[in-house]
Every structure is written in C-alpha cells, then in structure tokens.
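Step one of this worksheet: look at the structure below.
Number of protein chains: 2
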Amino acid sequence: MQQSPVPPEPPIYRRIADGLRQAILSGDLRDGDRLPGENALMATHGIARATARQALSVLINEGLAVPKRGSGVYVRQFRPIRRHGSRRLSRDGWGRGEAIWDSDTRGRPYTVDEVEIDRETAEEAVARVLGGPEVWVRRRRYSVDGRPVQISVSHFPAGLVEGSAITRPDTGAGGVYARLGELGHLPAHFTEEIRARMPHPHETVLLDLPAGTPVIAIARVAYTAEGTAVEVNEMVLDAASYVLQYDFDA
Amino acid sequence: MQQSPVPPEPPIYRRIADGLRQAILSGDLRDGDRLPGENALMATHGIARATARQALSVLINEGLAVPKRGSGVYVRQFRPIRRHGSRRLSRDGWGRGEAIWDSDTRGRPYTVDEVEIDRETAEEAVARVLGGPEVWVRRRRYSVDGRPVQISVSHFPAGLVEGSAITRPDTGAGGVYARLGELGHLPAHFTEEIRARMPHPHETVLLDLPAGTPVIAIARVAYTAEGTAVEVNEMVLDAASYVLQYDFDA
DNA sequence: GAGTGGTCTAGACCACTTA
DNA sequence: AAGTGGTCTAGACCACTCT
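Top to bottom, those sequences are chains A and B.
Here the first sequence is numbered in full-length UniProt numbering, starting from 1 and rising by one per residue.
Here the second sequence is numbered in full-length UniProt numbering, starting from 1 and rising by one per residue.
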C-alpha cells in the first residue's frame, strides 16, 4: 500500500489557538471581549488544564489576547498613536493624504513623568557619536490616557550644555531644542535608527506591557547644520501604541 | 508585630530565567552557545520538568533563545541588515557618520523567490489610497544568506500599468520604478508607515520565524510629482534581521 | 464563595538530533 | 542508543476578581 504523504495534524493546543485566532481576526470576538477560559476549553475539548493554558498562551504571546487574573482572558484592544518623523513641509498631503493604517490622529494629551536628570559617563556607542563620554542625560516617560507609551533617554555633550537649562528639570519655553539654539547649536538634521524587539524586563515594568507586545526602539541623533552631533535620544515605544510615519522625496 | 512590607519573591521559573538572561546579556553565554537544557535545570534546581520548560519559554518568547528539537536551546544570533529610508543625499555622513547600532553594512546579496503576479480587487485601505480597487499585485520574498528576511506585496492601479512589463515577471532593467517612469508616472515622493507586532501564523511560516520574533510592517506609498499615488507596497520584515534608518532635516 | 488565571509536581509517550 | 525538546494528562495550592 502506497501511503500518500499526509500533512501531519497540528497538535490540539494549536488547533484550538487557530480557532480562537480566527474568531478574533474575523471579528466574531471584538476588542475587549472575553475569550473562553481554561475551564471552558477543558470542558468543550475534553483536554487537561495544561493543554488549555498552552492554547491560550499562544494567543497571549501573539499579542492578540491579554490575561486578567481572577477574571478571564480578553481580546486585546488597539488604537495606535501616529508619530511623524520626517514630514515633508512643502506639501501637506499628497494625493488625498490617506493613510493605510487606522490611527488616532487627534492630538491626545500626554503626560510626562519619571523625569530624571543626571550627569553621567555614556556608553561606548553614544560617546562615539557625541565625541566624548561626558554627557548630561534626561530620562522621562510619556503617558497617554494614563497609560505609559514611551520611555525616552536623551544624551547631550556635557561641555556643550553645562550650566544651561538643559541640565535642569524645567527647560523653559521651546524645550531643549530652543535652548540648544540659544547656545548656537540648533539641530538641523536628524538620523533615526529603528529596531523592533521584545522588551527587556525593566521595560515591561516601565511601560506596563502585557506579554506578546514588542517594543520599537528608536535611536535618534540630532546634528547642527555644521554636522556636529548635539543629542542622542534613545526611545522605547510600546509597539501596540504607535504607528510611525516618514515622508520623503525620491 | 509589625510586618515590614516584604517584596514578594518572584516565582522559581522567573528567577531561573532572570539568571539565564543575565548570562546572555552579560556575554557569559554568547551567540550560538547552548543553554542548560530541561534536564540540567531540573537537576541543578530540583524542579519539575514543566517548571524548567517554563523558564526556558520565557527566554524563547523574549527572542533571546531558540530551541532546536533533539539538540538543545541556544542563544540567538543577531546581525541585522541596515535599510535606508529617506536618505539625505547632499551630505553623506553627518558628523563622523557613526551609527548607534551595529549592523551589517556590507551589501549582502539577496535572492528573490515566491514571485506571484495577479490582477486582483484590493482591500479597502489600499483601494482608497490608489483611487480604485482594481490593481495588479506583485508578491515576492527576499532572502539573505539563504534565510528569508522580508515579504513584499506591491499594488499598482490596474488602469495605469495594464499591458506594461509591471504585469509580467521580468520587469526589465531598472525594475518597476523605471517602467512607471516610462509610463509618465515616475515616483517622486514616498510615505512610509511603520508598525511592529507579533507575526501572523502564515508570516511565521514564510519568514521561518522562531518564537519571540516580532515583525516590522511597512506600508509604503509612492506618489508622482503631481501627487498621484501609483504604488502601495506592504512589506513584512523579520525584525531581528533589520535596522531601519531615516535621515531628514528639521 | 465561586470562578479565574498563576505556579508547580510527577508522571507519560513521541519525534528528532547527535554520536 | 542516549539525550533533547514537543505534547499531554491529572492532580495540587495559591492570589486574585467578581458578585
């Protein structure tokens, strides 16, 4: 007897996860809806508890569901903020200015906390770009609707900003860029390097991230018109809260 | 007796995961090294197998380790490709042109496969941008060093490219943009929207992604100088294989 | 108090890799 | 053949949420 090559059945936990994913992506289960819990899955599929948990953990690690202790597992909500990088100023919207992805374009108010300002010795990569290891560092965390969405760590060459408002909590009107301008080092060019990865544990805490949420890491360098690097800003964003947009010419 | 508030000990599996993560991040365990396996963790910590697995699964879902059946769990390797978005042409490197993150800047050769070209009815968001649902679609997959790193799906307005080489596998010298130029629709402006998320199952297969790897999704729209959208390109990148770079003016 | 998810034990059989 | 990770069962105790 010739056996035709049968595609092997996926394991039970995966078939269950596939069904639930389908229900979420098709819209049968909507934002915030409760998924069948461990007990429900055990009963309806006749499986052990560990197997039910495994099925749910697939969706949780995919970022599609969020577990809430003592309550249940829920479909994850999603409403990203749009962050503009290079924005072409000469013409505001090309074509109809339509975006591919939905996002919340209203400028939702954000709050800043966890402000820390220190004089430090920078790590090697930052020191290399800024031309020396002595830096002032401004750390802060941004929240929207009371939920943290971004951590930001800015580095400035110490010799350049020493004594200025940049080394103090309140930088005054216009913020650090206005102060850099007054010091004769107005940023004119930017480079942004972007990566995505799973968060480190301390980022998970600071951004209150559920499992299955990647972060977007942006390393932004500001240069003066003369080409001097005057700021290195390392940002870590909750990937579920952001859409980045860059507009540029060919 | 007054109890001072004791910080609760993390669970065993988490303490083990923390230790292993520390070993990885500190460099004690390097790229490709083998981690202690399930049996080793059971013996040295005196725990059940499921607990050892849970500890390892933390690192796997963080993208720090990769399991290989029948062999072991290994520290994940990492050497991203640098992809340039808007590149400032007038001056090649600002400052010393130093980058924050390591990356492979040599232009490694890539291969293209899974090429599919079809005439389709586009989904709503794409149709809205392109001004109609009738499109030609070019799907392809890029690999570097034999490993898939990117999926790309390009949409072109059917009425604009009908009959041109864009509707055929071989687009000729200069590729689709050269052909668009000949048709009088040379792209002059681009918009890129960027998101990061965990991959969908079919993306996991196409990109051969281990657990714990996010993807970067880029939706790129090309516009002519007149502002007509002539291409919507939706790319999905293995986040572990890429650093995106954007250069722009203030 | 009942139900939920979080952690953990002690087994079992399997497919796969390595030597 | 021995060792590895992949799947699965059948229990247990806990902290937490909901009503």
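Positions of the beta carbon are idealized from the N, C-alpha and C atoms, including for glycine.
None of the values given here were measured: they were computed from a predicted structure.
In whole angstroms, what is the alpha-carbon distance linking LEU244 (chain A) and THR111 (chain B)? 28 Å
Can you find a C-beta in chain B that's less than 8 Å from the C-beta of GLN245 (chain A)? yes
Assigned exposure category for GLY63 (chain A) - 16 Cβ within 10 Å defines buried: buried
Throw me the rounded Cβ distance for the PRO148 (chain B) and LEU56 (chain B) pair, which I believe falls under 8 Å. Contact doesn't hold; Cβ gap of about 25 Å is too wide.
CB contact check: ARG179 (chain B) to chain A, cutoff 8 Å: no
Examine the Cβ distances between the stretch 153–171 of chain B and the stretch 113–124 of chain B and report whether three or more of them are shorter than 8 Å. yes
Neighbourhood of GLY95 (chain B) by C-beta distance below 8 Å, restricted to the same chain and skipping five residues each side: Residue placement at GLY95 (chain B) is flagged as unreliable, the pLDDT there being 45, under the threshold of 50; a coordinate-derived value is accordingly withheld.
Rounded to whole angstroms, what is the Cα-Cα separation between LEU41 (chain B) and ALA52 (chain B)? 6 Å
Interface positions of the stretch 19–44 of chain A facing chain B (Cβ-Cβ less than 9 Å), listed along the chain: ARG21, LEU25
Cβ closer than 9 Å: which chain A residues qualify as neighbours of SER86 (chain B)? GLY85, SER86, TYR246, ASP247, PHE248, ASP249
I'd like to know whether the C-beta of ASN233 (chain B) is nearer than 8 Å to at least one C-beta of chain A. no
Suppose you measure from the CA of GLU234 (chain B) to the CA of THR191 (chain B); what does that come to, to the nearest Å? 12 Å
Straight-line CA distance for ALA50 (chain A) to HIS189 (chain B)? 52 Å
Taking the beta carbon of VAL230 (chain B) as the centre, do at least 16 other beta carbons fall within 10 Å, making it buried, or is it exposed? buried
Assuming VAL236 (chain B) and ALA217 (chain B) form a contact by the criterion Cβ under 8 Å, report the distance between their Cβ atoms to the nearest whole angstrom. 5 Å
Anything in chain A within Cβ reach of ARG197 (chain B), meaning under 8 Å, just list it in chain order. GLY63, PRO214, ALA239, ALA240
Beta carbon proximity, ILE12 (chain A) to chain B, threshold 8 Å: no
Using only alpha-carbon positions, find the residue among B:SER241, B:ARG128, B:SER86, B:ASP208 that is nearest to ASP247 (chain A). B:SER86
Between which two residues does the alpha helix (DSSP H) harbouring ARG179 (chain A) extend? 175–182
Along chain A, which residues have their Cβ under 9 Å away from the Cβ of HIS148 (chain B)? According to the sequence shown, residue 148 (chain B) is Pro rather than His. None at all; the shortest Cβ gap to chain A is about 17 Å.
Cut-off 6 Å between Cβ atoms - residues of its own chain near ARG136 (chain A), not counting five sequence neighbours on either side: As written in the sequence, residue 136 (chain A) is Trp, which differs from the Arg given in the question. Correct list, in chain order: ARG119, PHE156, ALA158, VAL161, THR167.
Are the C-beta atoms of ALA158 (chain B) and some chain A residue less than 8 Å apart? no
Along chain A, which residues have their Cβ under 8 Å away from the Cβ of GLU182 (chain B)? What GLU182 (chain B) touches in chain A: nothing, since even the nearest Cβ is about 16 Å away.
Roughly how many angstroms lie between the CA atoms of GLY212 (chain A) and ASP249 (chain B), to the nearest whole one? 35 Å
Can you give me the C-alpha to C-alpha distance between VAL144 (chain B) and ASP238 (chain B), rounded to a whole angstrom? 11 Å
Going by DSSP, which residues form a beta bridge with GLY72 (chain B)? B:LYS68
Could you check which residue in A:ALA43, A:ARG79, A:ASP33 has the C-alpha nearest to that of LYS68 (chain A)? A:ASP33
Enumerate in chain order the residues of its own chain whose CB-to-CB distance from ILE16 (chain B) is below 7 Å, with the five nearest sequence positions on each side excluded. LEU41, HIS45, ALA55
Pairwise C-alpha distance: ARG141 (chain B) and LEU183 (chain A): 49 Å
Counting contacts by CB-CB distance shorter than 8 Å, is GLU120 (chain A) in contact with chain B? no
So if I threshold CB-CB distances at 8 Å, which residues from the stretch 158–174 of chain B count as touching chain A? none
Less than 8 Å between the C-beta atoms of PRO80 (chain B) and TYR242 (chain B), yes or no? yes
Residue environment, SER103 (chain A), which counts as buried when at least 16 other CB atoms sit within 10 Å: buried
Counting only C-beta atoms, is GLU193 (chain A) closer than 8 Å to chain B at any point? yes
Report all residues from its chain with a CB closer than 8 Å to the CB of ASP31 (chain B); omit the five preceding and five following residues, and keep chain order. VAL75, ARG76, GLN77, PHE78
Could you check if residue 256 (chain B) is buried or exposed, using at least 16 other CB atoms within 10 Å of its CB as the buried criterion? Absent from the structure is residue 256 (chain B), since the part of chain B shown begins at 1 and ends at 250.
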